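Residue numbers (my numbering), protein chains in the order written: chain A, 7 to 324; chain B, -19 to 231.
By construction, the Cβ of each residue, glycine as well, lies at the ideal position given by its N, Cα and C atoms.
Since this is a predicted model, take the numbers as computed values, not measurements.
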């Protein structure tokens, strides 16, 4: 199954590199140097970000769902994406930080703050309604503070300037920005992947986990910090993208028969495929315009989110 | 009618307040100093206006009628959106209002300048400007070079827009771009001969400025001509000096 997902991710990445094909084909014949430049400087960063950010959302979503023991936990619903956006806005527009890595640090700090706040508000193994309400409150507060920060920013056009990014975009990013987003995300992702087995055992209960020699509290802290670093770094470069972190883990758990830990890697692969596919769809807009990435993922994700909610309700009432 | 409006109307002296950065330019260029009641705060901001030194020593308003009334104007200058409600309220207060439409051509800029100068009674101040503009239009460059205006995030101009017309007057033919934006892929594949790059708020971090630091934009440095981005916001009278400067640049 993993091999199939890896192949699908590679194929969709390749399609992303080759789309649109016509200008590239012409350049390969007439000016191979420019064709190389186009592929390396423009299309490769976009494809890497789509695969990497998608994988980050899938992986962190699966890890958060495992520690909250709740299928609704995901970077956007827990407020960590909104927190990361707030951190990046404050870092860029107010602290004047220009380096992508510094902005990634601000994003990670914002995401961490949001997740710690969620743990404080909703509790460690929160029921669905507490998690949703706490996450909603944090998302709304972070969104409002982001708007306030943009309204008070030294640049009078900060709102306009940040709009594309806030809606999620992978367009026109450089390899330096890719490195700033994906190196911390990959490091945090590998750290999280180590806990695959431990997260499976956590599903049996914290007492069982503790009796097996693990520290549940430490595990939770490490998952929260690693998720914040990974999501924060990606949001600071690509903006916040909803629903991928929710859908990918749900699909992955179906493939791993409900094992939350074993679902980590498949969730990352499904996230990578989903975001890359959504990015390909953004290029379908007419007249050279681009549909914001967040719009595509929301259009695909909202029905699935509602389906999960309804299924949970049926289970409770039946 | 407020007492101050009556008093000024009786004296015949004009005290004008401008509520918009673009009308600020007309007022600061065409009015005698004692005729300026206030200009918008943006006019005194060095990052927004080339006329900020002239605007420094006059009253500033927040772009609303309420904030402009304190300086007791009897003439209000507004432009485009939001101006209609402002104009109606100002007229009810007995103030004369000139609501200029957004200029779509250089001819519109000329018309606006004449209209404001007429209202202010300063034909002597508008004449040299219009003479310079007319002379510039008569002595158009013989040929035009392929170019694209470039601002943050790849924002550019439509060839038929006011900015495109100013660029043509400087001897550069603005390239037609989808959605009025230059994308990095077309910049790599088929770059214009010259990029007329706006330095608007270049020293201030924004996502739009970050776009201008992409390696593919930096690679085009050799074909880049810097332009003062502040004058392109309104495309008004200060464009004349900028077009003269651009004419001396390589083509």
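Check, Outcome
"Could you list the residues in the region 144 to 158 of chain B with a C-beta less than 7 angstroms from some C-beta on chain A, going in chain order?", "158"
"To the nearest angstrom, how far is it from the Cα of residue 108(B) to the Cα of residue 116(B)?", "12 angstroms"
"With respect to the beta strand (DSSP E) encompassing residue 17(B), which residues constitute its N-terminal and C-terminal limits?", "16 to 20"
"Report back the beta-carbon spacing between residue 19(A) and residue 53(A) to the nearest angstrom; my notes put them in contact at under 8 angstroms.", "5 angstroms"
"Would you list the one or two residues that DSSP bridges to residue 206(B)?", "177(B)"
"Determine the contact status of residue 99(A) and residue 160(A), defining contact as a CB-CB distance below 8 angstroms.", "yes"
"When the Cα atoms are used, what is the spatial distance from residue 215(B) to residue 208(B)?", "11 angstroms"
"So within the region 131 to 164 of chain A, which uninterrupted alpha helix (DSSP H) runs reach at least 4 residues, ignoring any that extend past its ends?", "134 to 158"
"Compile a chain-ordered list of the residues in the region 190 to 219 of chain B whose CB is closer than 7 angstroms to at least one CB of chain A.", "191, 194, 195, 196"
"To the nearest whole angstrom, what separates the beta carbons of residue 54(B) and residue 20(B), a pair I think is in contact under 8 angstroms?", "That belief does not hold up - the Cβ atoms of residue 54(B) and residue 20(B) are roughly 18 angstroms apart, past 8 angstroms."
"Just the Cα atoms here: how many angstroms apart are residue 148(A) and residue 183(B)?", "28 angstroms"
"Could you please tell me which residues of the region 159 to 176 of chain A, in chain order, have their CB closer than 8 angstroms to any CB of chain B?", "160, 161, 162, 163, 164, 167, 168, 170, 171"
"Quick one, which residues of the region 169 to 189 of chain B are near chain A if we go by CB-CB under 7 angstroms, in chain order?", "169, 181, 184, 185, 186, 187, 188"
"In whole angstroms, what separates the C-alpha of residue 129(A) from that of residue 223(A)?", "12 angstroms"
"For a quick check, are the C-beta atoms of residue 246(A) and residue 90(A) less than 8 angstroms apart?", "yes"
"Please look up how many angstroms separate the CB atoms of residue 131(B) and residue 155(B), rounded, as I've assumed it's under 8 angstroms.", "At roughly 14 angstroms, the Cβ-Cβ gap does not stay under 8 angstroms, so residue 131(B) and residue 155(B) are not in contact."
"From 83(B), 87(B), 78(B), 34(B), pick the residue whose C-alpha is nearest to that of residue 98(B); which is it?", "78(B)"
"Let's test the definition: count the other Cβ atoms within 10 Å of the Cβ of residue 103(A) and tell me whether it reaches 16, buried, or not, exposed.", "buried"
"Closer than 8 angstroms by beta-carbon distance: list the chain A residues that pair up with residue 7(B), in chain order.", "Chain A residues near residue 7(B): none, gap ~20 angstroms exceeds 8 angstroms."
"Please state if the CB of residue 278(A) and the CB of residue 15(A) are separated by a distance shorter than 8 angstroms.", "yes"
"When we look at the beta-carbon of residue 190(A) and count the other beta-carbons within 10 Å, is it buried (16 or more) or exposed?", "buried"
"Using the beta-carbon count (16 or more within 10 Å), is residue 97(A) buried or exposed?", "buried"
"Counting only beta-carbon separations shorter than 8 angstroms, does residue 40(A) have a partner in chain B?", "yes"
"Which stretch, first to last residue, makes up the beta strand (DSSP E) that contains residue 225(B)?", "First-last for residue 225(B): 219 to 227, but that is the alpha helix (DSSP H), not the beta strand (DSSP E)."
"Between the C-alpha atoms of residue 56(B) and residue 163(A), what's the straight-line distance to the nearest angstrom?", "26 angstroms"
"Given residue 109(A), which residues of its chain have a CB within under 8 angstroms of its CB, disregarding the five upstream and five downstream residues?", "94, 97, 98, 103, 186, 242, 243"
"Taking residue 186(B) as the reference, which of 213(A), 167(A), 12(A), 239(A) has the closest Cα?", "167(A)"
"Determine whether the beta carbon atoms of residue 237(A) and residue 66(A) lie at a separation below 8 angstroms.", "yes"
"What residues of chain B sit near residue 29(A), judged by a beta carbon separation below 8 angstroms?", "165, 169"
"Tell me which residue opens and which closes the alpha helix (DSSP H) that residue 116(B) is part of.", "103 to 118"
"In chain order, which continuous runs of the beta strand (DSSP E) of length 3 or greater are located wholly inside the region 13 to 77 of chain B?", "16 to 20, 39 to 41, 55 to 59"
"Taking contact to mean at least 3 C-beta pairs separated by less than 8 angstroms, is the region 134 to 141 of chain B in contact with the region 155 to 168 of chain B?", "yes"
"For a contact meaning CB atoms closer than 7 angstroms, what does residue 180(A) contact in chain B?", "194, 195"
"List, in chain order, every chain B residue whose beta-carbon is nearer than 9 angstroms to that of residue 201(A).", "Within chain B, no residue comes near residue 201(A); the closest Cβ sits about 35 angstroms away, beyond 9 angstroms."
"Going by Cα to Cα distance, which pick from 45(A), 233(A), 208(A), 11(A) is closest to residue 113(A)?", "233(A)"
"Tell me, which residues are paired with residue 135(B) by DSSP?", "161(B)"
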